[in-house]
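Colleague: My questions will all concern the structure given below.
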Amino acid sequence: MVIILFLVIILLISNSQLVINGASYGLMLWYKNVLPLLLPFMLISGLLENSVISSDIELATKKKLAIPTIVLLGLFCGYPIGAKTNAFFLKKGLIDKKTGNILLPICNNVSPMFFMGFILNRTLDNHANTLLCYIAMFIPYLLIILLEIFIYPKDKTKLITKNNSSIKQASYIPSTRSISEQSINQITHVGLYIMLCSIIAEFVLSFEFLSPMIKLLSTGITEITRGVTYIGNSYIVNKKIKTALILSITSFGGISSIMQTTKVIQGSGLSLIHYTVVKILCSICTYFLYLLII
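Residue numbering for the sequence shown is 1039 to 1332, as defined by this note's numbering.
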């Protein structure tokens, strides 16, 4: 491991301009597009989570509110809000691990604002049908959820019993200041991950021995925003294939989103391997489903 890190340092030093370009692109992307959009949603989601936990409603009602809250925040706020809310409610005992793992891939997706504003409008220039794009992206998730409900092993741990419910309800509830500090910490980590993946993408694009198609796929897999922009500006594939690739990458979310998800689910017991496998499967299905329905 020490040798590998030493080689990485040498690689970075010997290609300092690529590092500077990638870091600058990633940080500007975070500052202009991610920070102003995501930070308010992180604060709001934290306050909403806090209000559900601290409210005087019955525990059974809180459990019923947990799943809709996870899904709505995840689908409307984008990465990594869904994963963050999922992990929070799992730690508080409002959902079990089985439910959390099944929900994690679908509740952790791009927000409608990003999808319609950046993907459809800016990248695809509004030539793709919005409804068909959403069908291609989310039908695979719905089918996998239905399949997993039946085949996923039951969680043997009891969620909340009469004996431990008082412990769960008495658990620490974050203050508004604590929520703000957590949100700032999380958004900072998001920026670091975007910067790191942007540097990796810069190196990939600089490798002359890689074919244009491999560069397309590698950049998209690494970081979604830069990846879909690169594919959108490419002329090596036709419009139909280009749209299918962009939707597939959007469904996957990129390595950057996996790193963000890893950060917010720490200590929750949610499976990152399960999440990544489902994301890959749905990404592949989205690609072929779009080509099939168009």
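Glycine included, each C-beta is placed from N, C-alpha and C at the ideal position.
My guess is that Gly1120 and Ile1237 are in contact by the Cβ rule of under 8 Å, so how many angstroms apart are they, rounded?
Modeller: As a first step, residue 1120 must be located in the sequence shown, where it is residue number 82. As a first step, residue 1237 must be located in the sequence shown, where it is residue number 199. About 26 Å; that fails the 8 Å criterion.
Colleague: Taking DSSP as the reference, what is the three-state secondary structure of Met1233?
Modeller: Taking the sequence shown and counting its residues from 1, one reaches residue 1233 at position 195. Here Met1233 sits in helix by DSSP.
Colleague: Tell me the rounded alpha-carbon separation between Gly1116 and Tyr1325.
Modeller: For the purposes of this step, residue 1116 is taken as residue 78 along the sequence shown, with counting starting at 1. For the purposes of this step, residue 1325 is taken as residue 287 along the sequence shown, with counting starting at 1. So the two alpha carbons sit approximately 21 Å from each other.
Colleague: Who are the near neighbours of Ile1259 in its chain, counting only those whose CB is closer than 8 Å to its CB and skipping five residues on each side?
Modeller: Within the sequence shown, residue 1259 is the residue found at index 221, counting from 1. Gly1265, Ile1287, Phe1290, Gly1292, Ile1293.
Colleague: Out of Ile1331, Tyr1313, Leu1077, Asn1159, state which residue places its alpha-carbon closest to the alpha-carbon of His1227.
Modeller: As a first step, residue 1227 must be located in the sequence shown, where it is residue number 189. Closest option to His1227, Cα to Cα, is Leu1077.
Colleague: Which one of Tyr1179, Lys1278, Thr1314 has the shortest CA to CA distance from Asn1167?
Modeller: Here residue 1167 is taken as the residue at index 129 of the sequence shown, counted from 1. Measuring from the Cα of Asn1167, the nearest candidate turns out to be Lys1278.
Colleague: Just to confirm, are Leu1319 and Ala1174 a CB contact at a threshold of 8 Å?
Modeller: Within the sequence shown, residue 1319 is the residue found at index 281, counting from 1. Within the sequence shown, residue 1174 is the residue found at index 136, counting from 1. No, Cβ-Cβ distance for Leu1319 and Ala1174 is not below 8 Å.
Colleague: Based on Cα-Cα distance, which residue from Leu1097, Ile1140, Leu1255 lies nearest to Ile1311?
Modeller: Numbered from its first residue, the sequence shown carries residue 1311 at position 273. Closest option to Ile1311, Cα to Cα, is Ile1140.
Colleague: Give the straight-line distance between the Cα atoms of Gly1138 and Thr1123, rounded to the nearest whole angstrom.
Modeller: Translated into the one-based positions of the sequence shown, residue 1138 becomes position 100. Translated into the one-based positions of the sequence shown, residue 1123 becomes position 85. Rounded to whole angstroms, Gly1138 to Thr1123 spans 10 Å at the Cα level.
Colleague: If you run the structure through DSSP and keep just helix, strand and coil, what is Gly1270?
Modeller: Taking the first residue of the sequence shown as position 1, residue 1270 is located at position 232. Helix, per DSSP.
Colleague: Decide if Thr1199 is buried, meaning its Cβ has at least 16 other Cβ atoms within 10 Å, or exposed.
Modeller: Sequence index remark: in the sequence shown, residue 1199 carries index 161 (1-based). Model confidence at Thr1199 stands at a pLDDT of 44, short of 50, so the residue's coordinates are unreliable; what they give is reported in the following sentence. Per the 10 Å Cβ criterion, exposed.
Colleague: Please report how far the alpha carbon of Met1297 lies from the alpha carbon of Pro1118, in whole angstroms.
Modeller: Within the sequence shown, the letter at position 259 stands for residue 1297. Within the sequence shown, the letter at position 80 stands for residue 1118. Their Cα atoms are separated by approximately 10 Å.
Colleague: Check for me: the alpha helix (DSSP H) holding Ser1062 runs from which residue to which?
Modeller: Taking the sequence shown and counting its residues from 1, the one referred to as residue 1062 is at position 24. From DSSP, the alpha helix (DSSP H) with Ser1062 extends over 1054 to 1067.
Colleague: Looking only at its chain, what residues have a beta carbon closer than 7 Å to the beta carbon of Ile1058, apart from the 5 residues adjacent to it on each side?
Modeller: By one-based count along the sequence shown, residue 1058 stands at place 20. The answer is none, since no qualifying residue turns up.
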